[in-house]
Structures are given as structure tokens and as C-alpha cells.
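Using this note's numbering, read the sequence shown as starting at 53 and increasing by one per residue.
Glycine included, each C-beta is placed from N, C-alpha and C at the ideal position.
Below is one structure, written out as C-alpha cells; comments come after it.
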Amino acid sequence: HPKESEVGIAYPFSTDQFLLETYRNPWGEMRFGKILEDLDALAGNIAFNHVQGNAMIVTAGVDRIRVRRRPEIGADQYLSGKVTWIGSSSMEIRMKISTCEDCSDEWLEAYFTFVTLDPETKRAIKITPLIPETDEERVHFELGAVKAQAKKVARKNKIQIGRPLSEESLKIDSRAARLLEEAGTLLRMPSLADPHTILMDQTAQSNAMVAQPQARNLHDRIFGGFLMRRAFELAFATCYMFGGDKPRFLEVDDISFDKPVDVGDLLVFKSRVLYTMPEGGNLGSYVDKHEGFPLVNVEVECWVTCPESKRAEVSNHFYFTFALPAKDTCRRVLPANIDQARRMAQRMCDDEIQAGLRP
Numbered sequence: 053h054p055k056e057s058e059v060g061i062a063y064p065f066s067t068d069q070f071l072l073e074t075y076r077n078p079w080g081e082m083r084f085g086k087i088l089e090d091l092d093a094l095a096g097n098i099a100f101n102h103v104q105g106n107a108m109i110v111t112a113g114v115d116r117i118r119v120r121r122r123p124e125i126g127a128d129q130y131l132s133g134k135v136t137w138i139g140s141s142s143m144e145i146r147m148k149i150s151t152c153e154d155c156s157d158e159w160l161e162a163y164f165t166f167v168t169l170d171p172e173t174k175r176a177i178k179i180t181p182l183i184p185e186t187d188e189e190r191v192h193f194e195l196g197a198v199k200a201q202a203k204k205v206a207r208k209n210k211i212q213i214g215r216p217l218s219e220e221s222l223k224i225d226s227r228a229a230r231l232l233e234e235a236g237t238l239l240r241m242p243s244l245a246d247p248h249t250i251l252m253d254q255t256a257q258s259n260a261m262v263a264q265p266q267a268r269n270l271h272d273r274i275f276g277g278f279l280m281r282r283a284f285e286l287a288f289a290t291c292y293m294f295g296g297d298k299p300r301f302l303e304v305d306d307i308s309f310d311k312p313v314d315v316g317d318l319l320v321f322k323s324r325v326l327y328t329m330p331e332g333g334n335l336g337s338y339v340d341k342h343e344g345f346p347l348v349n350v351e352v353e354c355w356v357t358c359p360e361s362k363r364a365e366v367s368n369h370f371y372f373t374f375a376l377p378a379k380d381t382c383r384r385v386l387p388a389n390i391d392q393a394r395r396m397a398q399r400m401c402d403d404e405i406q407a408g409l410r411p
């Protein structure tokens with residue numbers, strides 16, 4: 053039963069000054085990068101407790117992490133989570149943070165997906181089934197099934213060389229072509245272009261680091277929450293540089309874990325503003341007050357880089373959404389080539405689909 057898998061931890065910020073300083077950012081607010089680390093760590097423990105035997109548990113992705121409101125940094129907080137959906141070899145875990153232990157004042161929710169593998173063959177193995185009992189548990193279970201099906205459809209529709217384009221892929225290509233056409237003046241006659249537009253390449257930022265053993269997990273791989281924190285901090289800085297004012301984090305969506313990261317790997321994080329909504333947009337009623345504020349979608353890629361072999365592979369994709377509450381508008385970001393246009397169009401479509409699943 054979902055209730056049997058529930059685990060929670062308390063943050064006694066009101067009485068533990070050292071803990072408080074660990075989670076405080078320069079503006080006296082919650083440091084969300086640290087929260088992302090904790091979410092992944094506790095979600096992994098919940099998954100580990102639910103699975104029987106010695107199966108290898110791998111983070112497959114994060115559907116969304118949404119902020120309902122700004123928490124008060126000096127108040128005690130409570131992080132908890134439980135298994136809400138089970139497939140044949142994957143599970144979804146819903147995490148939440150509340151000011152009160154009874155979870156009546158929830159201000160953040162997150163959905164993590166884990167896959168269980170045989171430690172020797174690395175093949176998927178079945179998981180103990182879940183039996184929802186309450187109406188709320190049944191709603192979360194059904195939503196998990198809907199999202200799992202949506203992911204299968206998205207994988208099927210993904211543009212691949214040598215495969216005929218699906219109807220959805222054709223729509224994305226058409227949208228990409230319109231975006232690239234719109235960027236024509238900015239590309240060919242920049243002095244005559246709309247001053248409120250900017251090319252995607254001009255928003256890019258990056259940093260690099262070597263993965264240290266202190267950030268490894270039980271499988272001697274780099275802890276996913278560590279990568280999430282590093283990606284968030286770069287995305288925040290990217291949006292800050294782009295928008296000209298301190299951004300407000302609203303959500304992170306569709307985090308993929310495509311390749312494991314080992315201790316000693318050289319990691320290069322690359323970020324860019326993928327698209328913007330200068331007049332604002334609708335992220336659902338759950339998300340912190342954002343109506344009318346310019347919204348900025350930032351993509352971060354983590355590349356595992358090997359200078360010796362001159363090779364690099366993407367290990368993770370992250371998509372963050374920020375608001376610019378002190379600004380009336382922001383620049384529209386436009387693509388410089390068809391690859392950027394397709395990436396932008398794909399992300400816009402994915403976000404619109406996700407919006408349909410948002411309460």
C-alpha cells in the first residue's frame with residue numbers, strides 16, 4: 053500500500069542555526085539547489101525500501117518539481133514522500149515539502165521515476181505491485197499511469213534518422229520552420245531586427261568540474277541530486293544574466309538520466325535560454341504566483357567529457373522555468389539554425405502536453 057512506503061524527515065530550522073545557514077541563499081531565502089539534492093536522496097531511499105532483494109535501483113527521470121509558494125526560511129519544514137504508481141519494472145514516487153508535519157501546508161511537490169535492474173545482467177526486473185486504497189491514492193496512481201503512457205507516445209514520436217515522421221513530428225517540424233523564419237531578420241539584418249529579440253546562442257553559459265568521490269552513491273556512481281543542484285545553480289545564473297534581475301524559480305521538468313556519471317569524470321555543464329514567454333503564461337494553479345510575469349525556460353545539459361579520447365556524451369538534460377517578477381517583459385529568444393528551432397519547438401510542445409496534466 054502507498055502509505056506503507058511513506059518516509060519523512062524534519063528540518064528544525066527554528067532551533068538549529070547551523071542547519072539554517074546551510075540552506076539559506078544570499079538573499080535570505082531557501083536555497084533550492086540543496087532542496088533538489090535532498091529530494092533525490094530521500095526518493096532513492098523510498099524506492100530502495102519498496103523493492104525486495106538486491107535489485108539495482110536507477111533514477112530514470114524527474115517529471116516535474118513545482119513550487120507552490122515561497123517558504124519562510126526560519127520556519128521548520130518537513131520533507132516526505134511515498135510510492136504512488138508501479139509499472140512492470142518502474143515506479144513513481146511523489147515527494148512533497150510542508151511547513152507542518154501533518155502536510156497541511158504543502159509548498160513543493162516532485163515526481164521521481166525509478167527503474168529496477170538485475171545487478172548482473174542490467175535487465176529490467178519486476179517490482180512488487182502497489183494497491184491504492186484511498187481516493188487520493190487512486191488519483192495519483194491513475195495519473196502515474198497516464199504520464200507513463202504519455203512518455204511512451206513521446207518516445208515513439210521522437211524524430212529519428214531513417215524513420216518516417218509521425219503526425220506529431222510533422223507538427224513540430226512545421227513549428228520549428230515558423231520559428232526559424234521569424235529569426236530571419238535577426239540572422240541576416242540584425243541592425244533592423246526587433247530589439248526585443250535575441251538569438252539563443254547569445255544566452256549560453258557553461259562551467260566544468262571533475263566529479264569527486266564525496267558525491268557518489270551506493271553504486272559508486274555520482275549522486276543524481278548532486279547533478280541536479282549543479283544544473284540548477286547554472287540555470288539560475290543563466291536566467292539572472294539574461295533577465296537582468298534576480299529570477300524566481302517556479303519548476304524543473306523532464307530531467308533525464310541518459311548515462312551514468314562516474315567518479316573522476318570531467319563534467320561540462322552547458323546552459324541556454326531555450327524560449328521565453330514575455331507576457332507570461334499558465335503553469336497551473338499549483339505553481340507559485342506567476343501570472344503576468346515574464347517566464348524563462350532554461351535548458352541545461354551535462355556532458356561527460358573525456359579529453360584523452362576526445363569524446364563527450366550527454367548524461368543529463370534539465371529544463372528549468374523561472375519568472376522575472378521585477379520585470380514587465382523580456383526578450384524573445386529565437387533559433388539560429390534548424391536544430392535549435394526543432395529543440396525549441398519540441399520543448400514548447402512537451403511543456404504544453406505537461407500543462408494538460410497539471411491540476
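{"Item": "Assign Leu71 to buried or exposed, taking buried as 16 or more other Cβ atoms, counted over all protein chains shown, within 10 Å of its Cβ.", "Value": "exposed"}
{"Item": "Helix or strand or just coil, what does DSSP make of Glu124?", "Value": "coil"}
{"Item": "Would you mind reading off the limits of the alpha helix (DSSP H) that contains Tyr292?", "Value": "Gly276 to Gly295"}
{"Item": "Specify, as a first and last residue, the run of the alpha helix (DSSP H) that Ile183 falls within.", "Value": "That residue, Ile183, is in no alpha helix (DSSP H); it is neither H nor E in DSSP."}
{"Item": "One question on the structure: do Asn368 and Asp310 come within less than 8 Å of each other, judged by their Cβ atoms?", "Value": "yes"}
{"Item": "Could you please give the first and the last residue of the uninterrupted alpha helix (DSSP H) stretch that includes Leu244?", "Value": "Element bounds for Leu244: n/a, residue is neither H nor E."}
{"Item": "Short check: CB of Trp137 to CB of Ile149, under 8 Å?", "Value": "no"}
{"Item": "Can you find at least 3 beta carbon pairs, one from the segment 299-313 and one from the segment 273-288, that sit closer than 8 Å?", "Value": "yes"}
{"Item": "Counting C-beta neighbours from all protein chains within 10 Å, is the total for Ser221 16 or more, i.e. buried, or is it exposed?", "Value": "buried"}
{"Item": "Taking all protein chains shown into account, decide if Lys134 is buried (16 or more other Cβ within 10 angstroms of its Cβ) or exposed.", "Value": "buried"}
{"Item": "State whether the segment 115-133 contacts the segment 333-341, with contact taken as three or more CB pairs (one from each stretch) at a distance under 8 Å.", "Value": "yes"}
{"Item": "Taking the beta strand (DSSP E) that Gln38 belongs to, which residues open and close that run?", "Value": "Only positions 53 to 411 of the chain appear in this structure, which leaves residue 38 out of reach."}
{"Item": "Counting along the chain, where does the beta strand (DSSP E) carrying Phe372 start and finish?", "Value": "Arg363 to Ala375"}
{"Item": "Report all residues from its chain with a CB closer than 8 Å to the CB of Gly80; omit the five preceding and five following residues, and keep chain order.", "Value": "Ile125"}
{"Item": "Are at least three pairs of beta-carbons, each pair with one atom in the segment 400-407 and one in the segment 249-267, less than 8 Å apart?", "Value": "no"}
{"Item": "How many whole angstroms separate the CB atoms of Asp115 and Asp305, which I take to be in contact at a CB cut-off of 8 Å?", "Value": "7 Å"}
{"Item": "Measuring straight from C-alpha to C-alpha, what distance separates Ile183 and Val191?", "Value": "12 Å"}
{"Item": "Buried or exposed: where does His271 fall if 16 or more other Cβ atoms within 10 Å of its Cβ makes it buried?", "Value": "exposed"}
{"Item": "Of all the options Met147, Tyr163, Val167 and Ser156, which has the alpha carbon lying nearest to the alpha carbon of Ser141?", "Value": "Val167"}
{"Item": "Return the residue from the list Asn269, Lys322 and Leu244 that minimises the CA-CA distance to Ala287.", "Value": "Lys322"}
{"Item": "Leaving aside the five residues before and after Glu285 along the sequence, list all residues of the same chain whose C-beta is less than 8 Å from its C-beta, in chain order.", "Value": "Gly85"}
{"Item": "Below 8 Å between beta carbons: does that hold for Val356 and Asp391?", "Value": "no"}
{"Item": "Name, in chain order, the residues that DSSP records as bridge partners for Leu301.", "Value": "Going by the sequence as given, residue 301 is Phe instead of Leu. Its beta-bridge partners are Phe374."}
{"Item": "Return the CA-CA distance between Cys354 and Gln257, expressed in angstroms with no decimal places.", "Value": "12 Å"}
{"Item": "Distance, Cα to Cα, Phe164 vs Met241?", "Value": "45 Å"}
{"Item": "Where does Phe35 fall in DSSP's three states?", "Value": "Outside the shown range of the chain (53 to 411) lies residue 35, about which nothing can therefore be said."}
{"Item": "Determine the DSSP secondary structure at Asp310, reduced to helix, strand or coil.", "Value": "coil"}
{"Item": "When you compare the CB positions of Thr373 and Leu335, do they come within less than 8 Å of one another, or not?", "Value": "yes"}
{"Item": "Among Val348, Arg384, Arg395 and Ser132, whose alpha-carbon lies nearest the alpha-carbon of Ala62?", "Value": "Ser132"}
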